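Asker: What follows is a structure written as structure tokens; I'll ask about it next.
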Amino acid sequence: MLEEYAENQLTRREKIMKILEESDHFMTVDELAYILEIKGKERRRLYEDITHVAKSVRALSQGRKILVMQPPQCRKCGFVFTNLKKPSKPRRCPKCYSTWIEPPKFKIVKR
Ligand SMILES: [Zn+2]
């Protein structure tokens, strides 16, 4: 059971890697969820997956490819969340307290 779970995780991360590498634009987690047919709370796990994918990409390509994140941004005042420790969608803007936040976007690029 546990092994099966691990295998599914791996497959999903491999799919994410392929999608982000072949995409012609930066993608949100919602777009990825749509393609991978992931619904509900599972979507939040995608941020975790992306963190792992970023490490794998770097290792597999020996640093020739990297996963780039366009940081989330407040749609109301334009505040950019540049100080995130890991990928996520902030709930609220620290500057104007708006909850209208443009989510982070991801893509794998060659250096
Ligand atoms: Zn704001």
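So for the sequence shown, my numbering puts the first residue at -2; every next one is plus one.
All residues carry an ideal CB built from backbone N, CA and C; glycine is no exception.
Just so you know, these numbers come straight off a predicted model, no measurement behind them.
Beta-carbon distances below 5 Å to any heavy atom of ligand 1 define the shell here; list its residues in chain order, please.
Answerer: Cys71, Lys73, Cys74, Phe76, Cys90, Lys92, Cys93 and Ser95
Asker: Using a beta-carbon distance below 9 Å, is Arg61 in contact with chain C?
Answerer: Here there is only one protein chain, and chain C is not present.
Asker: Return the residue from the list Ser85, His22, Leu64 and Gly60 that minimises the CA-CA distance to Met14.
Answerer: Against the sequence shown, residue 14 aligns to sequence position 17. Measuring from the Cα of Met14, the nearest candidate turns out to be Leu64.
Asker: Is it right to say Met(-2) is buried, meaning 16 or more other beta carbons lie within 10 angstroms of its own, or is it exposed?
Answerer: Here residue -2 is taken as the residue at index 1 of the sequence shown, counted from 1. In this prediction, Met(-2) has a pLDDT of 48, which is less than 50 and means its spatial position is unreliable; nothing more can be read from the coordinates.
Asker: Whose C-beta lies closer than 6 Å to the C-beta of Lys62 among residues of the same chain, with five residues either side of it excluded?
Answerer: The residue you call residue 62 lines up with position 65 of the sequence shown. Once the five neighbours on either side are set aside, the close Cβ partners of Lys62 are Val54, Ile105 and Lys107.
Asker: DSSP three-state call for Glu34: helix, strand or coil?
Answerer: Residue numbering aside, residue 34 sits at position 37 when the sequence shown is read from its first letter. Of the three classes helix, strand and coil, the one that applies to Glu34 here is coil, per DSSP.
Asker: Using a threshold of 9 Å, state whether the C-beta atoms of Pro69 and Pro101 are closer than that.
Answerer: Mapped onto the sequence shown, residue 69 falls at position 72. Mapped onto the sequence shown, residue 101 falls at position 104. In contact: Pro69 and Pro101 (Cβ atoms closer than 9 Å).
Asker: Taking the continuous beta strand (DSSP E) assigned at Leu57, which residues delimit it?
Answerer: Sequence index remark: in the sequence shown, residue 57 carries index 60 (1-based). Annotation: Leu57 is outside any beta strand (DSSP E); the continuous alpha helix (DSSP H) that includes it extends over Glu39 to Leu57.
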